Structure formats: structure tokens, C-alpha cells
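A.B. asks: Quick one: the structure is below, and I'll ask about it shortly.
Protein chains: 2
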Amino acid sequence: MENNPVISESYRVNGQDLDRGKLVAETIDDLRRIFQAISDFSRHAERATGLTGSQLWAVKVIFESSSIRVSDLSRRMYLHPATVVGIIDRLELQGLVQRIRSTKDRRVVDVELTAKGNKLVEIAPDVAQSLLVRGLEEMTDECLTSVQEGMSSFAEILGVKGAAPRLILSNEVNIA
Amino acid sequence: MENNPVISESYRVNGQDLDRGKLVAETIDDLRRIFQAISDFSRHAERATGLTGSQLWAVKVIFESSSIRVSDLSRRMYLHPATVVGIIDRLELQGLVQRIRSTKDRRVVDVELTAKGNKLVEIAPDVAQSLLVRGLEEMTDECLTSVQEGMSSFAEILGVKGAAPRLILSNEVNIA
DNA sequence: TACAATTAATTTGCATATCAAATAATTTTG
DNA sequence: CAAAATTATTTGATATGCAAATTAATTGTA
Numbered sequence: 001m002e003n004n005p006v007i008s009e010s011y012r013v014n015g016q017d018l019d020r021g022k023l024v025a026e027t028i029d030d031l032r033r034i035f036q037a038i039s040d041f042s043r044h045a046e047r048a049t050g051l052t053g054s055q056l057w058a059v060k061v062i063f064e065s066s067s068i069r070v071s072d073l074s075r076r077m078y079l080h081p082a083t084v085v086g087i088i089d090r091l092e093l094q095g096l097v098q099r100i101r102s103t104k105d106r107r108v109v110d111v112e113l114t115a116k117g118n119k120l121v122e123i124a125p126d127v128a129q130s131l132l133v134r135g136l137e138e139m140t141d142e143c144l145t146s147v148q149e150g151m152s153s154f155a156e157i158l159g160v161k162g163a164a165p166r167l168i169l170s171n172e173v174n175i176a
Numbered sequence: 177m178e179n180n181p182v183i184s185e186s187y188r189v190n191g192q193d194l195d196r197g198k199l200v201a202e203t204i205d206d207l208r209r210i211f212q213a214i215s216d217f218s219r220h221a222e223r224a225t226g227l228t229g230s231q232l233w234a235v236k237v238i239f240e241s242s243s244i245r246v247s248d249l250s251r252r253m254y255l256h257p258a259t260v261v262g263i264i265d266r267l268e269l270q271g272l273v274q275r276i277r278s279t280k281d282r283r284v285v286d287v288e289l290t291a292k293g294n295k296l297v298e299i300a301p302d303v304a305q306s307l308l309v310r311g312l313e314e315m316t317d318e319c320l321t322s323v324q325e326g327m328s329s330f331a332e333i334l335g336v337k338g339a340a341p342r343l344i345l346s347n348e349v350n351i352a
């Protein structure tokens, strides 16, 4: 069902014809499918924990830092401070996180996981992550190497090779 | 990257070899970065068109089919009918789509793009898509082949190789 | 044919997410 | 000390998203 306006041309390489257009189209389709799989599994995690995607994301980020200011959390999540305040409110209502006013600078509020929050993080299926790990670990060495090189080149070409890898959680996602 | 005698090591050791672990971790980090890039560019597209992600997604799906029933649109978008009705309402208010009651079955409503909607689709940067296409087309043949094989294996292992590739548009996305 | 069941879209009600702008409290700076 | 900047929050507005109820039309069947 693709309307990929991909120019399909054959190039002569090393005496072989290579339909680059087809390769590009197939690669993009596969990438879409991978997104889809991750999307599905993330959704599953959300259902399993009873949290929304944003809430789960916040919990994971807080867990990573063990304690984090509201402003840093909003920066890490690329969300407006007002938005994360709302998310924290709802997580606090569920007894998963805890606000602690800093004594050093009384303007700042540190957010931590409660015992209940920590328990949830442990239980929460690291769906996408574990799915990917399991998938990659099942590969043969040659295959794994190929995937790794491919991903690496791809990241490089997209200009994000050096960047700090950001978390991924799905709602709807869309290469259009 | 050199291929050390990893192969001879990896089946000796109880499954988990240090080199393989590193490869897996790097691959997942790269995948995250790729998500991130797509995410950023999708966001850009949303800003450029003035539409939200869901609206843009709907417009693209409608465009693909040229005319689509509300129920089919909701199926294609994996959203509740009530949700897409709201989205269509807002797109209609902006004069981008048009509802047409079917004459064959007066229960169904077909949704089409207006002239304005079609113009928007053309102008709308196919950000992620074009980004990926451009990136892949810049690769050498060897590299492109490697990426393609890698993606293909990955999709296969995730069990989505045969699936119809779903669109991807970002809000927040999260491998956690 | 009439009437029940089904189907398609919509409406209503509710919770969440998201941003921008304004506000309050608290440093920091000049 | 007064002005400026920072931190979190509140307020107000719009969008998403689902479930349940509703309306209209079609299909199946007694």
C-alpha cells in the first residue's frame, strides 16, 4: 500500500545491478513495522501498569535520577513545565511519587518515587526494551553485526549519531 | 569495526558474550536516536502545517484513499470512532475535509479532502519520509544493503515482517 | 409486510495531555 | 535594598481519547 514516490533506478555496481529504490522502500517499510511493534508493546505496558504513556514515561525518568527537580524533569521530557506539574499531580494522587521542597533553594521541588512507585517500576514490563534485547540476542553474530552497522549508519546519516538517546514511548506514531 | 574471534567465543560462553552485549546496547541506543530524529521532524511538520499530529495523520490517511468512510478511517488509525469524529469535525471547521453522505447506504459518511486539504498535503513536508529517503539514498550501496538486511531481520524477529506497515507520527514515543 | 437485530455515525460525559500566560515565592544581582 | 531572574504553580483554552447512549438506516426473519 505504498505511495512511495521513490525513484526506482538500477545502478551498475561491481558488475551487479542494484535496485536502490526498492531497497530504500523496503527499508522504510521495515522501519515502520518496527515502530509498529514497539508501539504495540508500549501500549501493552501502559495497560499493564494502569498508567498513561506520559505518566509511565515520567516515572521511568524519575527512577533513573532517583530524585529530580520539576524543571529538569520537564527538560528531560521535552514538555512544558505546566504539563509535567499536571502529570506529577496525578502520580502523587496515586501515591507513586512524592514532592519534596528543597531546603537549599526553597523555590525548587524535588520529585521522588515512593516505595509504591519503586515497586511499580520493578514490575512494569520493560516491554519495548526487553523485546528488542531478546530479539537482538536471538540473532546470529553475522546478523547482529549487520543490524548494528545498519542502525549506526542510519543514525549517523540522520545526524543524531552522537546525541543522547531519548526514551521512546508510543502513543500514535507516524512516518507520513 | 573489526571482527574479532567473537564467533568462536560466543557459543562457548553461556550465551551472553561481552561483545554481543555491547552490540545489542549500541543497536538499541541507535534505534532510540532514530526514533528521536523522526520524532523531532514530525513535530516540525506539525508546526509547519498548523495541525496536530492526529489531524495530520488523518489527512494523510484520507489522502491515500482519496475517499474513506469514517469507520474505515477509524480502523486505519486504530482509534475509536468517536475520536475520529472529533478530528474530522475540527478538520472540517478548517475547511480541509468534506463529509459526503453516501447515496448507496445513507448510514455511511465518506470523508474527502477539499481543494485546500489537497494543497496542504502537497505542501506538508513529508518530513520523516523524505528525511529517511534522503538519508538512505546518500548511502553507499554496501551500507544501504547492510541497513536493509538489518531492518528486515529485525522486523522479522519482532514478528511483524509480513504486517502492513503502519504510519508513524510522533507525539511522545518511548522505549522505556 | 412488520418487527427485531445490526450497523454507521454521532452525541454526551469524563479524564488526560498540552501549551501559553499570569502569578507567587524565592534567590540573585546591580 | 530594589530590580531582575528563576522555580513551580495556577488558570484558561484546545485536543485527544474512550465508553456508553442515541439516532438513522439497512438487513434478516418470523
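Residue numbers (our numbering), protein chains in the order written: chain A, 1 to 176; chain B, 177 to 352. We treat Cβ as the ideally placed atom computed from N, Cα and C, and that holds for glycine. Small disclaimer: the values here were computed from a predicted structure and weren't measured.
So, with DSSP's three-state summary, where would you put GLN55(A)?
C.D. replies: For the purposes of this step, residue 55(A) is taken as residue 55 along the first sequence, with counting starting at 1. In the structure shown, GLN55(A) sits in a helix (DSSP, three-state: H, G or I).
A.B. asks: Run through chain B and tell me which residues come within less than 7 Å of THR27(A), C-beta to C-beta.
C.D. replies: The residue you call residue 27(A) lines up with position 27 of the first sequence. Neighbours of THR27(A) on chain B, chain order: LEU312, VAL323, GLN324 and MET327.
A.B. asks: How many angstroms separate the CA atom of LEU136(A) from the CA atom of SER54(A)?
C.D. replies: By 1-based counting over the first sequence, the position of residue 136(A) is 136. By 1-based counting over the first sequence, the position of residue 54(A) is 54. Near 27 Å, if we compare the C-alpha coordinates of SER54(A) and LEU136(A).
A.B. asks: May I ask you to report which of helix, strand or coil DSSP gives GLN94(A)?
C.D. replies: By 1-based counting over the first sequence, the position of residue 94(A) is 94. Residue state, collapsed to three classes: coil.
A.B. asks: State the CB to CB distance for the pair LEU308(B) and LEU31(A), rounded to an integer number of angstroms; the pair is presumed to be in contact (CB under 8 Å).
C.D. replies: Numbered from 1 along the second sequence, position 132 holds the residue referred to as residue 308(B). Numbered from 1 along the first sequence, position 31 holds the residue referred to as residue 31(A). Contact holds; Cβ gap of about 7 Å.
A.B. asks: Within this structure, are the beta carbons of GLU26(A) and MET327(B) separated by less than 9 Å?
C.D. replies: Here residue 26(A) corresponds to residue number 26 of the first sequence, with the count starting at 1. Here residue 327(B) corresponds to residue number 151 of the second sequence, with the count starting at 1. Contact: yes.
A.B. asks: To which residues does DSSP link VAL109(A) through a beta bridge?
C.D. replies: Start at 1 with the first residue of the first sequence, and residue 109(A) comes out as number 109. Paired residues: ARG101(A).
A.B. asks: Based on the DSSP secondary-structure assignment, which residues constitute the bridge partners of SER67(A)?
C.D. replies: For the purposes of this step, residue 67(A) is taken as residue 67 along the first sequence, with counting starting at 1. BP columns for SER67(A) point to GLU112(A).
A.B. asks: Would you identify the three-state DSSP class for HIS80(A), choosing helix, strand or coil?
C.D. replies: For the purposes of this step, residue 80(A) is identified with residue 80 of the first sequence, where counting begins at 1. Coil.
A.B. asks: Compare the beta carbon distance of GLN98(A) and GLY117(A) with 9 Å and say whether it is the shorter of the two.
C.D. replies: Mapped onto the first sequence, residue 98(A) falls at position 98. Mapped onto the first sequence, residue 117(A) falls at position 117. A contact, by the Cβ cut-off of 9 Å.
A.B. asks: Excluding the 5 residues flanking THR52(A) on each side, which residues of the same chain have their C-beta closer than 7 Å to its C-beta?
C.D. replies: The count along the first sequence starts at 1 and reaches residue 52(A) at position 52. Around THR52(A): GLU46.
A.B. asks: In the DSSP assignment, the alpha helix (DSSP H) including MET327(B) goes from what residue to what residue?
C.D. replies: On the second sequence, residue 327(B) is found 151 positions in, with the first residue counted as 1. Looking at the DSSP string, the run of the alpha helix (DSSP H) that includes MET327(B) is 317-333.
A.B. asks: From TRP57(A) to ARG282(B), what distance separates their C-alpha atoms?
C.D. replies: The residue you call residue 57(A) lines up with position 57 of the first sequence. The residue you call residue 282(B) lines up with position 106 of the second sequence. Their Cα atoms are separated by approximately 44 Å.
A.B. asks: Given LEU320(B), which residues of its chain have a CB within under 7 Å of its CB, disregarding the five upstream and five downstream residues?
C.D. replies: To locate residue 320(B), count along the second sequence from 1; it is residue 144. Contacts found: LEU312.
A.B. asks: For a contact defined as C-beta to C-beta under 8 Å, what are the partners of ARG196(B) on chain A?
C.D. replies: Taking the first residue of the second sequence as position 1, residue 196(B) is located at position 20. Going along chain A in sequence order, the residues near ARG196(B) (Cβ under 8 Å) are GLU137, ASP141 and LEU144.
A.B. asks: What do you get for LEU249(B), buried or exposed, if any count of 16 or more other CB atoms within 10 angstroms of its CB means buried?
C.D. replies: If you number the second sequence from 1, residue 249(B) lands on position 73. Per the 10 Å Cβ criterion, buried.
A.B. asks: Run the CB neighbour count on ILE299(B), radius 10 Å, all protein chains shown included, and call it buried at 16 or more, exposed below.
C.D. replies: Taking the first residue of the second sequence as position 1, residue 299(B) is located at position 123. Under this definition ILE299(B) is an exposed residue.
A.B. asks: If you draw a straight line from the alpha carbon of ASP286(B) to that of ILE244(B), how long is it in whole angstroms?
C.D. replies: In the second sequence, residue 286(B) corresponds to position 110, counting from 1. In the second sequence, residue 244(B) corresponds to position 68, counting from 1. Approximately 5 Å, taken between the alpha carbons.
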